[in-house]
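In my numbering, the protein residues as written are 2 to 191.
All C-beta atoms in this analysis are idealised placements derived from N, C-alpha and C, irrespective of residue type, glycine included.
Note that this is a predicted model, so its numbers are computed, not measured.
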Amino acid sequence: MTTLSSPKAEPRRRFRILSQRAAKDYVNPYWAGIFLGLVLFLAFLITGNGLGASGGLNRLLLVVEDAIAPEHVDRTAYLLTMAGGAKNPLDSWIVFLTVGTIFGGFAAGWRNGRIKLETNKGPQISKRQRWLMAFVGGSLMGYGARFARGCTSGQALSGGAVLSVGSWAFMFAVFGGGYALAYFVRKLWN
């Protein structure tokens, strides 16, 4: 006799295999900072570029935009520097860095037993509200990253490492804005 499992049970069983590892302790933050500094130094030394993420995500989205509305890309000066005509938006070091970061994060999460499907939230809000706030916050952060011409990784790590005044001003604004906004969103966690 053959027993068929439901289609919904199959992906959950596969995910359970990925998330069965015992969680390991986090790395000491001082050691993590030293390793991050070494990675940043090696990135400058080997590639001539620092670290960042929003530029890679921007180019991945530009692939879709170029496929849907190539005439818009060809008319917009900002987008034309990355794509348009015969230019491939994926032909950049930042795309490889972004994809490597995603896969590397997944591999490190699996290795250290930290892959889970969960929603971290405070007891006073629903999961739906938490996801909505995450979407709004992520959208604002993405817009701010493009407006500032770099995300917190690119601005703080790479720009800060070369003592860029704009990067330092950006980071003071990020921390100041985060501290000021924390009062209004505290119930998301309390």
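**Asked** Is Phe-97 buried or exposed, if buried means 16 or more other CB atoms sit within 10 Å of its CB?
**Response** The residue labelled residue 97 in the question sits at position 96 within the sequence shown. Flag for Phe-97 reads exposed.
**Prompt:** Which first and last residues belong to the alpha helix (DSSP H) in which Ala-170 is found?
**Reply:** Counted from its first residue, the sequence shown places residue 170 at position 169. Here the alpha helix (DSSP H) through Ala-170 covers 166-183.
**Asked** Which residue comes first and which comes last in the alpha helix (DSSP H) that contains Tyr-31?
**Response** Position 30 of the sequence shown, counted from the start, is the residue given in the question as residue 31. First-last of the alpha helix (DSSP H) with Tyr-31: 30-48.
**Request:** Could you pull the start and end residues of the alpha helix (DSSP H) that Asn-59 belongs to?
**Result:** Counting from 1 along the sequence shown, the entry for residue 59 is found at position 58. Here the alpha helix (DSSP H) through Asn-59 covers 55-69.
**Asked** Under the three-state reduction of DSSP, which class applies to Lys-122: helix, strand or coil?
**Response** Position 121 of the sequence shown, counted from the start, is the residue given in the question as residue 122. Correct three-state label for Lys-122: coil.
**Met-134 to Phe-148 span [Cα, whole Å]** = The residue you call residue 134 lines up with position 133 of the sequence shown. The residue you call residue 148 lines up with position 147 of the sequence shown. Met-134 and Phe-148: Cα-Cα distance of roughly 21 Å.
**Asked** Going by DSSP, what residues sit across from Lys-88 in a beta bridge?
**Response** Counting from 1 along the sequence shown, the entry for residue 88 is found at position 87. Gly-85.
**Asked** In or out: Arg-60 buried (at least 16 other Cβ within 10 Å) or exposed?
**Response** As a first step, residue 60 must be located in the sequence shown, where it is residue number 59. Classification of Arg-60: buried, given that the 10 Å Cβ count is 16 or more.
**Request:** Could you check which residue in Ala-146, Gly-86 and Thr-82 has the C-alpha nearest to that of Ser-55?
**Result:** If you number the sequence shown from 1, residue 55 lands on position 54. Per the Cα distances, Ala-146.
**Request:** In the DSSP assignment, find the unbroken alpha helix (DSSP H) run with Thr-77 in it and report its ends.
**Result:** To locate residue 77, count along the sequence shown from 1; it is residue 76. No alpha helix (DSSP H) holds Thr-77; DSSP gives it neither H nor E.
**Request:** Reducing DSSP to helix, strand and coil, say where Ile-116 ends up.
**Result:** Within the sequence shown, numbered from 1, the residue matching residue 116 stands at position 115. Three-state result, Ile-116: coil.
**Item:** Under the three-state DSSP convention, the category Gln-21 falls into
**Value:** What you label residue 21 is simply residue 20 of the sequence shown in a count that begins at 1. Of the three classes helix, strand and coil, the one that applies to Gln-21 here is coil, per DSSP.
**Prompt:** Under a Cβ-count criterion, where at least 16 other Cβ atoms within 10 Å of its own Cβ denotes burial, should Val-74 be classed as buried or exposed?
**Reply:** To locate residue 74, count along the sequence shown from 1; it is residue 73. Buried.
**Request:** Please state whether DSSP places Ala-149 in a helix, a strand or coil.
**Result:** Mapped onto the sequence shown, residue 149 falls at position 148. Coil at Ala-149, not helix or strand.
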